[in-house]
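Residue numbers (the working numbering), protein chains in the order written: chain A, 1 to 334; chain B, 1001 to 1542.
The next block holds one structure in the form of structure tokens; read it before the comments.
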Amino acid sequence: MTTPFPFSAIVGQDEMKRAMILTAIDPSIGGVLVFGDRGTGKSTAVRALAGLLPPIRVVKGCPVNSAKRTDVPDWAQNIGRGTHDVPTPVVDLPLGATEDRVTGALDIEKALSAGEKAFQPGLLAKANRGYLYIDEVNLLEDHIVDLLLDVAQSGENVVEREGLSIRHPARFVLVGSGNPEEGELRPQLLDRFGLSVDVASPKDIATRVEVVKRRDAFENDTAAFLLRWQAEDATIRDRILTARDALKELKTPDKTLHDVAELCVALGSDGLRGELTLLKAARAYAAWRADPTLTRTHVRDVAGLALRHRLRRDPLDEAGTGARVTRIVEDVLG
Amino acid sequence: MSLDSWQQATLALQLLTADPGLGGIVVRARSGPVRDAFIAATKTLTAPVQRIHPQISDEALFGGLDLTATLSAGKLVEKSGILDAGGTVVLTMAERCPAGLAAKLALAMDGPDAPTLVILDEGAEDGEAAPTILMERCAFFADLNEVTYRDLAGESALPLERTRETATENTLAEVTEVAMRLGIDSLRAPLFALRAAKALAGLAGQTEPSTTDIETACVLTLTHRATRVPQEPDQTPPEMDNASETPSDMPGQMELPDEMILDAIKALLPDNLLDQITARTARAGRGAGSGAQRKGNRRGRPLPARPGRLYDGARIDLISTLRAAAPWQTIRRQATGRAGLHIRQSDIHTKRYAIRSDRVLIFAVDASGSAALARLAEAKGAIELLLGQAYARRDHVSLISFRGTSAELLLPPTRSLVQTKRRLASLPGGGGTPLAAGLQEAMAQALQTHSKGLTPTMILLTDGRANISLDGEANRKQAATDASRMAQVIRAQGIDALVIDTGNRPEPALRTLAQTLDAPYLPLPRADAQRLSDAVSTALDG
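Okay, structure coming up:
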């Protein structure tokens, strides 16, 4: 399974796919949280996304994927000349990762063997300008969560330990997945995710058969299968690039802004982050659909994604907040 | 066609040898000759076969710097990790496998050069099992606990009797449907079944799987994942013996319905009940705060550095290391004839921190007939209030109920409050009060969570009218003695507890029990009439 499953070949799970495409169009939306049962294709979708993203241009040998020579941190060594295109980094943060692995630490190899004080970059450096993927995010240890919250907010990783004082940019799109039965997520971390999606296994037999059929075809003859879906993946990639450009030209009428604000007030979501994310997501969605102006339809279609996880919630509420959002969106936007 | 567990296990091994893409096999067995025979059989799997244990360090697993060699050679020496070699990884004592390691192994299994995993689960009780994230990624499962050494004598499972006809085009749809009818949500299951069927066909030298292959593959890959029994006429009906168990010979026992489900209602409890336990524990000197203290090497309050190995996640304390190495410099320079700083493995000091472990609240709820009639609904309400507090403190919650003749674990420790609330709402009441059995189960649960590094606190909700002894007899006197004996054992284990009396009036025997437990005793106060009537009138007016 070296090659990821093609994104366009994923059956159903439209909301999850839409959320991921929106963050690819506008990374400042701020990440996707995917909650659902085991075996629903959460990991598959995230790994497929990596193959879909347009490449980025980075300085050769830069540990934090800087775009310009001037952005390369001063502690970096062995910087090459010129720039080259690399795939957008999608970095896995494993559950048991230590703080050192995540933030980077003193390079003990060099310290002990050469007596040099060098910094060994961690996962946050690798994920700069790309994606940071955390599977089973709800089981992540609290101290790693604290650290991520801090970095995700400031966009900068600061390491002050063992005689090192290092800072480097760490702007990444946070993608988390998990199974809610195994534990819940702290509201502070929840808030850092721009969009949230609940996925469930498809219940009708035809869809399930189709999933199994495609996966089977993929495993039997990976090359042929990739060839079959290559064109559709390329179409999505082109549409993402077109949408990125269109985003700049997109008109946002005051009427729609008013809708967004009204919706957030009606839902009683905390802070203004909900409004901003909803607006960004709606704009990205409009650009994706190649519409020139932001309208109420766009807002309605992404409201669930952007607001579901932001409501002040009752820990004992069983129905979840999804139903509440849908109802209020119906009420406000009609 | 039927295969016993041993045949299933050996057949699974053959399939894994033929197609390593099947992930692996989970074997549930205590160590013994049967398991040894199984481990011997794993030799056929993709080489190299390497054993790992749950406490394995990241370095051993993924490779990294060989510190000892680097230091003595004075230049960088790297060693390769177990996962680099691919092949087969045997995980022993998988029931003790921490979530972090499980996630890393799962990641390795999803990635390129995935190792074949053999998971040896020695779990003795239901709560102990290999991590689900790994079980999900292994196609096969075998329970060898019931297999005796004599059963091994038979020849291996293949060759099977084979039907001639090859499977139809619809195989895929059929397998998917079978998986769904068995209540398996994950779509990995049918994929494994298909793959296994193909591997079976391959073993028999055919290109397409036959119907027998598919049946066998489904048995091997789907059975242990099933969450419900599909409706089939030849299924043996579940044993019906619970009807006769309600003790009827108790003096003065009135006719009670066998089961009743009561909705939780609001109960009156002090706001800071959980804080009170904390305060008490602090006084008792068994550690303070939400959980007991333990020593860690990553976070928390710093403790003095200790000599130690640079194992997984430990942070080196450079100053202490240098201080330890300093006196030896001249000697070592003379011994090796090499200039520069000489540091040996024995000089390495690592940082240590004191951290708090997570707390688990174990609710042992009396759901007997007497309690149900009295105030089970209120007890449920009380638990919900406590759950709200537990949520705020990020505690884990576990739920045990006792009624009839035995206690039952309804929910192993979880942080999911929704799940807890759901189990609580559907908790039926009725039957006798096996208080001792309830305490026993709660203690077992407490010890199990303790062994996982969590700090258990037991919350007992009962009316204290024990009438079923430990052996299931309806004997009021023996029941009380048993309960008090259990309480002494629990106290000896140093488990924190809280006793809430849910009876109509405070029960003196329960107060004594609480004292034996060294636990605070709290009679659940009556909902006062004024508030009740206020609530009723509001509801009527609205």
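C-beta: ideal position from N, C-alpha, C; glycine also.
Report, in whole angstroms, the separation of the C-beta atoms of residue i and residue j, which I expect to be a contact under 8 Å.
{"i": "Thr989 of chain B", "j": "Ala1371 of chain B", "result": "Residue 989 of chain B falls outside the range modelled here, since chain B spans only 1001 to 1542, and no answer is possible."}
{"i": "Ala1040 of chain B", "j": "Val1027 of chain B", "result": "Not a contact, Cβ separation roughly 13 Å."}
{"i": "Val199 of chain A", "j": "Thr40 of chain A", "result": "5 Å"}
{"i": "Val1365 of chain B", "j": "Pro1456 of chain B", "result": "About 16 Å; that fails the 8 Å criterion."}
{"i": "Ala1099 of chain B", "j": "Leu276 of chain A", "result": "Not a contact, Cβ separation roughly 34 Å."}
{"i": "Ala45 of chain A", "j": "Lys17 of chain A", "result": "7 Å"}
{"i": "Ile1025 of chain B", "j": "Val1118 of chain B", "result": "6 Å"}
{"i": "Leu189 of chain A", "j": "Ala281 of chain A", "result": "About 19 Å separates the two Cβ atoms, so there is no contact after all."}
{"i": "Ile79 of chain A", "j": "Val59 of chain A", "result": "6 Å"}
Distance check for residue j and residue i, CA to CA, integer angstroms please.
{"i": "Arg214 of chain A", "j": "Ser1451 of chain B", "result": "44 Å"}
{"i": "Ala170 of chain A", "j": "Val151 of chain A", "result": "7 Å"}
{"i": "Ser165 of chain A", "j": "Ile1362 of chain B", "result": "45 Å"}
{"i": "Ala224 of chain A", "j": "Pro6 of chain A", "result": "12 Å"}
{"i": "Asp1528 of chain B", "j": "Ile1459 of chain B", "result": "Annotation note: pLDDT 43 at Asp1528 of chain B (below 50); position unreliable, coordinate value reported separately. C-alpha separation (whole angstroms): 24 Å."}
{"i": "Glu136 of chain A", "j": "Lys126 of chain A", "result": "20 Å"}
{"i": "Gly1287 of chain B", "j": "Gly1494 of chain B", "result": "Residue placement at Gly1287 of chain B is flagged as unreliable, the pLDDT there being 32, under the threshold of 50; the coordinate-derived value follows with that caveat. Going from the Cα of Gly1287 of chain B to the Cα of Gly1494 of chain B covers about 11 Å."}
{"i": "His65 of chain A", "j": "Trp75 of chain A", "result": "With the sequence shown as reference, residue 65 of chain A is identified as Asn, and His is not the correct amino acid for it. Cα-Cα distance, rounded: 14 Å."}
{"i": "Asp107 of chain A", "j": "Leu1152 of chain B", "result": "53 Å"}
{"i": "Val1090 of chain B", "j": "Asn1145 of chain B", "result": "18 Å"}
{"i": "Arg1164 of chain B", "j": "Ser1210 of chain B", "result": "Residue placement at Arg1164 of chain B is poorly supported in this model, since its pLDDT is 48, which falls under 50; the coordinates are not used for a value here."}
{"i": "Ala1284 of chain B", "j": "Asp1518 of chain B", "result": "Note that Ala1284 of chain B scores a pLDDT of 38, beneath 50, so its modelled location is shaky; the value from the coordinates is reported in the next line. Roughly 10 Å separates the two Cα atoms."}
{"i": "Pro1237 of chain B", "j": "Arg239 of chain A", "result": "Note that Pro1237 of chain B has pLDDT 38, beneath the 50 cutoff, so the model's placement of it is unreliable and the number below is only indicative. If I take the Cα positions, the gap works out to 58 Å."}
{"i": "Thr1176 of chain B", "j": "Glu1215 of chain B", "result": "13 Å"}
{"i": "Leu1376 of chain B", "j": "Arg1491 of chain B", "result": "26 Å"}
{"i": "Phe1141 of chain B", "j": "Pro1112 of chain B", "result": "23 Å"}
{"i": "Met1093 of chain B", "j": "Asp1185 of chain B", "result": "27 Å"}
{"i": "Ile1468 of chain B", "j": "Thr1449 of chain B", "result": "27 Å"}
{"i": "Lys1421 of chain B", "j": "Leu1399 of chain B", "result": "10 Å"}
{"i": "Arg1137 of chain B", "j": "Leu1120 of chain B", "result": "15 Å"}
{"i": "Gly1021 of chain B", "j": "Pro1054 of chain B", "result": "23 Å"}
Go to residue i, then tell me how far its beta strand (DSSP E) extends in each direction, as first and last residue.
{"i": "Ser1484 of chain B", "result": "Not the beta strand (DSSP E): Ser1484 of chain B falls in the alpha helix (DSSP H), residues 1476-1492."}
{"i": "Ser1398 of chain B", "result": "1396-1403"}
{"i": "Ala1324 of chain B", "result": "Premise fails: Ala1324 of chain B lies in the alpha helix (DSSP H), 1318-1325, not in any beta strand (DSSP E)."}
{"i": "Phe172 of chain A", "result": "Careful: Phe172 of chain A lies outside any beta strand (DSSP E) and carries neither H nor E."}
{"i": "Asp135 of chain A", "result": "131-135"}
{"i": "Pro36 of chain A", "result": "Just to set this straight, residue 36 of chain A is Gly in the shown sequence, not Pro. First-last of the beta strand (DSSP E) with Gly36 of chain A: 32-36."}
{"i": "Phe1363 of chain B", "result": "1359-1366"}
{"i": "Glu1408 of chain B", "result": "1406-1414"}
{"i": "Leu1460 of chain B", "result": "1455-1462"}
{"i": "Ser196 of chain A", "result": "195-199"}
{"i": "Thr1116 of chain B", "result": "1116-1121"}
{"i": "Val1499 of chain B", "result": "1496-1501"}
{"i": "Phe1141 of chain B", "result": "1140-1143"}
Residue range of the alpha helix (DSSP H) that residue i falls in?
{"i": "Gly322 of chain A", "result": "322-333"}
{"i": "Ile205 of chain A", "result": "205-220"}
{"i": "Arg1338 of chain B", "result": "Run containing Arg1338 of chain B: none; DSSP gives neither H nor E here."}
{"i": "Tyr285 of chain A", "result": "273-288"}
{"i": "Pro1523 of chain B", "result": "Element bounds for Pro1523 of chain B: not the alpha helix (DSSP H) but the beta strand (DSSP E), 1521-1523."}
{"i": "Ile1133 of chain B", "result": "1132-1137"}
For the ligand NAP, any of its heavy atoms closer than 6 Å to the Cβ of residue i?
{"i": "Phe35 of chain A", "result": "The ligand NAP is not part of the structure shown, which contains no ligands of any sort."}
Residue ranges of each alpha helix (DSSP H) within the segment 1416-1450 of chain B, 4 or longer:
Along the segment 1416-1450 of chain B, the alpha helix (DSSP H) occurs as fully enclosed runs of 4 or more residues at 1417-1425, listed in sequence order.
Run through the segment 1028-1092 of chain B for me and flag every whole beta strand (DSSP E) of 3 or more residues, listed as ranges in chain order.
Within the segment 1028-1092 of chain B, the runs of beta strand (DSSP E) at least 3 residues long that lie entirely inside it are, in chain order, 1049-1052, 1063-1065, 1078-1080, 1088-1091.
Of the residues that make up the segment 117-134 of chain A, which ones have a beta carbon closer than 8 Å to any beta carbon in chain B?
Under the 8 Å Cβ criterion, the segment 117-134 of chain A contributes no residue.
Counting only Cβ-Cβ distances shorter than 8 Å, please list the residues of the segment 207-229 of chain A near chain B, keeping chain order.
In summary, the residues of the segment 207-229 of chain A whose CB is separated from some CB of chain B by less than 8 Å are Arg208, Val209, Val211, Val212, Lys213, Arg215, Asp216, Glu219, in the order they occur in the chain.
Going along the segment 1172-1190 of chain B in order, which residues come within less than 7 Å of chain A, judged by CB to CB distance?
Cβ contacts with chain A come from Leu1172, Ala1173, Thr1176, Glu1177, Met1180, Asp1185, Ser1186, Leu1187, Arg1188, Pro1190.
3 or more residues per run - each beta strand (DSSP E) lying fully within the segment 42-129 of chain A:
Runs of the beta strand (DSSP E) inside the segment 42-129 of chain A: 56-59, 83-86, 90-92, 104-106, 119-121.
Listed from N- to C-terminal order along the chain, which residues in the segment 1088-1107 of chain B have their beta-carbon within a distance smaller than 9 Å of any beta-carbon of chain A?
Across the segment 1088-1107 of chain B, CB contacts with chain A closer than 9 Å involve Pro1098, Ala1099, Gly1100, Leu1101, Ala1102, Ala1103, Lys1104, Ala1106, Leu1107, in sequence order along the chain.
Mind listing which residues of the segment 1407-1418 of chain B have their C-beta closer than 8 Å to chain A's C-betas, in chain order?
Of all residues in the segment 1407-1418 of chain B, Thr1414, Arg1415, Ser1416, Leu1417, Val1418 have a Cβ within less than 8 Å of some Cβ in chain A.
Of the residues that make up the segment 23-54 of chain A, which ones have a beta carbon closer than 7 Å to any beta carbon in chain B?
Those residues of the segment 23-54 of chain A placed with their C-beta closer than 7 Å to a C-beta in chain B are Asp37, Arg38, Gly39, Ser43, ordered along the chain.
For the segment 1193-1218 of chain B, which residues have a CB atom closer than 7 Å to at least one CB atom of chain A, in sequence order?
Residues of the segment 1193-1218 of chain B with a Cβ closer than 7 Å to any Cβ of chain A, in chain order: Leu1194.
Please list, in chain order, the residues of the segment 191-206 of chain A that have any C-beta partner in chain B closer than 9 Å.
If the cut-off is 9 Å between Cβ atoms, the segment 191-206 of chain A has Ala200, Ser201, Pro202, Lys203, Ile205, Ala206 near chain B.
Give, in chain order, every residue of the segment 1130-1142 of chain B whose Cβ lies closer than 9 Å to some Cβ of chain A.
For the segment 1130-1142 of chain B, residues whose beta-carbon sits nearer than 9 Å to a beta-carbon of chain A comprise Thr1132, Ile1133, Glu1136.
Pull out every residue of the segment 1321-1349 of chain B whose Cβ sits closer than 8 Å to any Cβ of chain A, in chain order.
From the segment 1321-1349 of chain B, only Gly1340, Leu1341, Ile1343 have a Cβ closer than 8 Å to chain A.
Could you please tell me which residues of the segment 1476-1488 of chain B, in chain order, have their CB closer than 9 Å to any CB of chain A?
Listed by position along the chain: nothing, the set is empty.
Taking a cut of 7 Å between CB atoms, which residues from the segment 133-147 of chain A lie near chain B?
For the segment 133-147 of chain A, which is checked against every Cβ of chain B, the residues closer than 7 Å are Asp135, Glu136, Leu139, His143.
Which residues, in order along the segment 91-109 of chain A, keep a beta-carbon less than 9 Å from a beta-carbon of chain B?
Of all residues in the segment 91-109 of chain A, Asp92, Pro94, Leu95, Gly96, Ala97, Thr98, Glu99, Asp100, Arg101, Ala105, Leu106, Ile108, Glu109 have a Cβ within less than 9 Å of some Cβ in chain B.
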